[in-house]
Structures are given as C-alpha cells and as structure tokens.
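Below: the structure, in structure tokens.
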Amino acid sequence: MAKTLYVRSGSEEHELAVTDGTIRASDLRRISTDAGPLATYDPGLLNTASCRSSITYIDGDAGILEYRGYPIEQLAEKSTYLEVAYLLLKGELPNAAQLATWENEVNHHRLVHENAKDIITKSRYDSHPMGKLMSAVASLHAFYPSSRNITDACERELNMVRLLAKMPTLAAFAYRHSLGRNYVYPSDELGFVENFLSMLFKRQERHFIADERLVRAIDVLFILHADHEQNCSTNAVRAVASAGNDPYTSAVAGIAALFGPLHGGANEAVLKMLSEIGSVDRVPEFIEGVKAGQAKLMGFGHRVYKNYDPRARIIKKSADEVFEVTGVNPRLAIAQELERIALNDEYFVSRKLYPNVDFYSGLIYEALKFPPAMFTVMFAVPRTAGWVAQWQEGVLDPEQKITRPKQIYTGLRGRDYAALDAR
Ligand code: ACO
14 MAKTLYVRSG
24 SEEHELAVTD
34 GTIRASDLRR
44 ISTDAGPLAT
54 YDPGLLNTAS
64 CRSSITYIDG
74 DAGILEYRGY
84 PIEQLAEKST
94 YLEVAYLLLK
104 GELPNAAQLA
114 TWENEVNHHR
124 LVHENAKDII
134 TKSRYDSHPM
144 GKLMSAVASL
154 HAFYPSSRNI
164 TDACERELNM
174 VRLLAKMPTL
184 AAFAYRHSLG
194 RNYVYPSDEL
204 GFVENFLSML
214 FKRQERHFIA
224 DERLVRAIDV
234 LFILHADHEQ
244 NCSTNAVRAV
254 ASAGNDPYTS
264 AVAGIAALFG
274 PLHGGANEAV
284 LKMLSEIGSV
294 DRVPEFIEGV
304 KAGQAKLMGF
314 GHRVYKNYDP
324 RARIIKKSAD
334 EVFEVTGVNP
344 RLAIAQELER
354 IALNDEYFVS
364 RKLYPNVDFY
374 SGLIYEALKF
384 PPAMFTVMFA
394 VPRTAGWVAQ
404 WQEGVLDPEQ
414 KITRPKQIYT
424 GLRGRDYAAL
434 DAR
C-alpha cells in the first residue's frame, strides 16, 4: 500500500511519497530551512539506501543472509565458490554445461602479466600483502586498457572474469613474496580452490595435493565471504565505479576499504587480541577492560546483524573441520571463553553484540599457518565476486549518478588572505 509522509514546516505542508520503505532524499529539497533546502545528515550512511540491488538480501534482526534469494546455509552446504560467483554475477545458478564453461573461463584467466607480478616483487619484502594486492590490482587496467569501455557488455564480462580469476594468483604471489619464496603459477589441472592452495603452499613436490577437507573448508569460507550487500568496501567500489571506472580501478577502492580493522581487517585484529590476552584465565580481566572502554572485543558486533551473524555459525563448523586436519589452534580455547562470557554479559547482550564472521575466520587462517597480515587478503579474494557483481549492477542502473554526498559546513567563511609576513 502506497504511503505518504506529511511534513509541516512553518505554514507549509508537504507530502512525500514513501516507496520501498524510503522517501526520496531529493524530495526533501522542496522543504526550505534557514540553512537552505532540507537534506538528511547521515554519517556512516546508517539509514540511507544508496541503490536498488537484487544481489544480496540481509535481514539483520532475523539473522538472514541470501544471495539472489538462496539462503547462505544452503549455498554453504551444497554449492561451490565458483558456482556462487556465477549466481551473484548472473542472477541464476548455472546448469551443468554453463558451470563447466564458467569454470573453464575463470581458470583460463588465472595467469597475470609478468609486469603485474613485478609490481609485487618490487614492493618492500615486509610490506603488508594488502598493500601489494592493491598496487597489483591497480595496475591491471593498464594491461587491459579496453576495460575502461564499461558500456560494452563483452568488455565488462571479460574483465570481471579476469579480475575474479587473477585475484587468487596476485594474493598468492603477495604471500610468497613476503616469505621470499618463488612464485607458483596456476595449474590447469587444479580447480579454483585447490589451485589457490597450490599457489600458496606448493614447495618442491611435483604435484601439489591438497587435503580435500581443507579444500571444502576454504570453499565454504569463500562462499560466506562472497558478498554482503552495501558494506563499507562494496560501497567504496560502487562510489568509484559511479565516476565511470573499470572493474579493476573500482576494486582497488574495495580492497582499500576492506583493509581497515573495523571491516575486513577485523580477523587480523581478532588474532592480535587473542595473542595479547594470552591465556584463558586472563579473559575476565580483558572483558572488564572492554566494558570500561579500554578496548573493543574484536570480531564482535555488526552494523547490520543485531541478533546473530548467520555466517559465524557456519564458520564455526568449518573451523572444526580445519582443526581436524591441522590440529586445534591453541587460541581456540581463549576465543571460546571470550564468547561464553560475552554472550552472558549484560554489556554485550544489551548492545546486541554477537560474534561476527571474523571472530573465527582468523583462527582458521592461523591454523593454516598464514601470518595475520594474510587474513584480510583471504577475505579480499572471495569478496571479488561480490564487488564485480555490484560494480556491474551499479554501472547498468539508470537511476545511479556519480556519488557526491552533501556536507554540513562547519568552517569559517569569507576570510581575507594575509601575506606570509602578516600572519
Ligand atoms: N566491543 C565492545 N563494544 C562494542 C563493540 C565491540 N566489538 N562493537 C560495538 N560496541 C559498543 C559500542 O561501543 C557502542 O556502545 P555505546 O552504545 O555504549 O556507545 C555500541 O556497542 C554500539 O556500537 P556502534 O559502534 O554504534 O556499532 P556500529 O554498528 O557503528 O559498529 C562495528 C559496528 C564497526 C562492526 C563494531 O561493532 C565494531 O567495531 N566491531 C569490532 C570490529 C569487527 O569485528 N569488525 C568486523 C565487522 S564484520 C565485517 O566487516 C566482515
């Protein structure tokens, strides 16, 4: 049922149409104020819809996450990351022939230009792998200049596939560069996840054989991280894309946003926190510190999920599967104790703070012997599917415009420039 919002401003009455639970912010401009036409003030875009999207649905209160209408629980149980990437991009699950073609296409594009590889090689050995990844991805449009032609459907498709395919290769090169190891090139014999593990971990063996349980656990982790509607990094991708940018340039914004400790960097921060706590008996003291505002309980809380993060439940199961192969991460006991206390503590309960996906992902990555700096890279690789799907949706949306928010100006006005010696 159509709704109308009635606004009385002084002697004037205004009717604002409410559609899809929103009012058009531009309709507010009809209402004048002392400071000019009425606008909304929304730092962090807490209550502002910036686009229409048919990719990912989240109901934070009910703990629901769906990709193109499919519940995350079903996809995590039955699907694969590449199938989910297809679903996100094209809107439907592929049939067998479409899936085979898609897997071939993605796998065909896994190699990167040698000069893109050199960008990683020329980085400082101890620089953060997210920085290396950002630089290498930023260079890709130079190797594929026609990717700038974003109105051409074939170019869009080709370059989205290229980015999806090359991210694991660049991520693995960034990792091996930090260790001073040779780069392992992609292998045509291996599937997406197995090949990624091979590029990361292969030593001198002729054929790299990954444990099937690990392959499946990483596949599930990748499905869980593939998209998450208008989160910080996706919003960054869309904002950069709104200026008419190619998928590579836009994805750099996503990687940069994801790097932050409040976003994808949280899994790295969780591990730092667990190692600082050090032992189970120090957990109560740490929790008291959090409640006193001295620290945050990293891996807890979410802007959208205020009941539970459905990905956290699935990831806990994956963690158990990984620990079967690697042995239990000794920090697991600290994490479990933190969770146990926090879930029963008024401070966390009243603020609806629950474990998010990053609370356990770091433990898995550590068990796989990744240094903490690699954890966010392990997030960026699968999130590429969401970034390219959201990039394309934004590019094709006739309602989208170049992103350009308003501000409330709080500075001085109309000052006269003073010469240097008169200041
Ligand atoms: N530890 C302790 N207190 C917290 C935490 C936390 N992790 N998260 C929120 N709070 C408190 C805040 O201090 C605030 O308390 P107050 O009302 O007394 O001031 C209240 O809970 C509400 O928090 P906000 O900051 O308003 O929540 P917001 O939605 O803006 O932030 C965020 C969400 C950034 C995820 C936050 O919960 C946080 O910083 N968590 C830790 C970092 C983290 O795990 N990030 C990963 C998010 S998932 C992802 O990106 C994949």
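The sequence shown begins at 14 in this note's numbering and counts up one residue at a time. Each residue gets a CB set at the ideal place from its N, CA and C atoms; glycine is no exception. All values reported here derive from a predicted model rather than from experimental measurement.
What residue does the alpha helix (DSSP H) around residue i start on, and which one ends it?
| i | result |
| --- | --- |
| TYR373 | 370 to 380 |
| CYS167 | 166 to 192 |
| ALA355 | 345 to 356 |
| ASN342 | Looking at the DSSP string, ASN342 is not in any alpha helix (DSSP H), and its letter there is neither H nor E. |
| ALA402 | 388 to 409 |
| ARG145 | Rather than Arg, the amino acid found at residue 145 in this sequence is Lys. Where LYS145 is concerned, the enclosing alpha helix (DSSP H) stretches over 142 to 156. |
| GLU207 | 205 to 214 |
| TYR360 | 359 to 363 |
| ILE300 | 296 to 304 |
State the beta-bridge partners of residue i as determined by DSSP.
| i | result |
| --- | --- |
| HIS315 | Beta-bridge pairing links HIS315 to no other residue. |
| VAL20 | HIS27 |
| ILE71 | LEU78 |
| PRO50 | SER45 |
| ILE36 | VAL31 |
Which residues bound the beta strand (DSSP E) around residue i?
| i | result |
| --- | --- |
| ALA30 | 25 to 32 |
Please name the residue in the options whose C-alpha comes closest to that of residue i.
| i | options | result |
| --- | --- | --- |
| SER263 | ASP33, ALA151, ALA305 and TYR378 | ALA151 |
| ILE183 | GLU170, TYR138, PHE336 and PHE209 | Ile is not the amino acid found at residue 183; the sequence shown has Leu there. LEU183 has its Cα closest to that of PHE209, out of GLU170, TYR138, PHE336 and PHE209. |
| SER66 | LEU88, LEU102, LEU356 and THR46 | LEU102 |
| CYS245 | ALA393, GLU25 and ASP40 | ALA393 |
| GLY407 | ASN108, ARG251, PHE186 and ARG426 | ARG251 |
| LYS130 | VAL97, PHE156, LYS304 and THR114 | PHE156 |
| LEU124 | GLY312, ASN108, SER200 and ALA62 | SER200 |
| ARG137 | HIS241, SER374 and ALA187 | ALA187 |
| THR17 | GLU242, GLU28 and PHE336 | GLU28 |
| TYR378 | SER211, VAL174 and ILE231 | ILE231 |
| LEU177 | ARG295, GLU298 and VAL119 | VAL119 |
| VAL197 | VAL174, GLY204, ARG175 and PHE221 | PHE221 |
| ALA15 | SER24, ILE36 and ARG21 | ILE36 |
| PRO142 | VAL390, GLY302 and GLN403 | VAL390 |
| LEU351 | ALA398, ALA109, GLU298 and GLY57 | GLU298 |
| LYS414 | VAL253, ILE71 and LEU234 | VAL253 |
| PRO274 | ASN108, GLY267 and VAL283 | VAL283 |
| LEU59 | ALA355, ASN357 and VAL317 | VAL317 |
| SER160 | ASP74, ASN258, GLY312 and GLY144 | ASN258 |
| ARG42 | SER22, GLN111 and LYS309 | SER22 |
| PHE388 | SER140, ALA279, GLU168 and GLY340 | ALA279 |
| THR423 | ALA30, VAL233 and ALA48 | ALA48 |
| PHE272 | PRO395, ILE85, ARG428 and MET147 | MET147 |
| TYR367 | ALA386, GLU359, ALA380 and ASP322 | ASP322 |
| LEU95 | ASN320, ASP429 and VAL206 | VAL206 |
| VAL265 | LEU356, GLY204, VAL303 and MET180 | MET180 |
| THR114 | SER24, TYR80, VAL174 and LEU409 | VAL174 |
| GLY76 | VAL370, LYS304, GLU170 and ALA109 | VAL370 |
| LYS329 | THR339, GLN349 and GLY340 | GLN349 |
| GLY340 | ALA305, LYS309, LYS382 and LYS319 | LYS382 |
| GLY375 | MET286, ALA398 and ARG81 | MET286 |
| ASP419 | SER39, ARG169, GLU170 and LEU234 | First, the residue type needs correcting, since residue 419 is Lys and not Asp in the sequence shown. Comparing Cα-Cα distances from LYS419 to each of SER39, ARG169, GLU170 and LEU234, the minimum goes to SER39. |
Sorry if obvious, but does the Cβ on residue i come closer than 7 angstroms to a heavy atom of the ligand ADP?
| i | result |
| --- | --- |
| ASP358 | Although the ligand ADP was asked about, the structure shown includes only the ligand ACO as ligands. |
For residue i, would you say it is in contact with chain D, using Cβ-to-Cβ distances shorter than 8 angstroms as the test?
| i | result |
| --- | --- |
| LEU18 | Of the chains in the structure shown, none is chain D; there is only one protein chain. |
Query raised in the report: Which runs of the alpha helix (DSSP H) spanning at least 4 residues fall entirely within the region 73 to 139, listed in chain order?
Result: 85 to 91, 94 to 103, 109 to 121 and 127 to 134
Query - 3-residue-minimum beta strand (DSSP E) runs that sit fully inside the region 228 to 291, ordered along the chain - result: none
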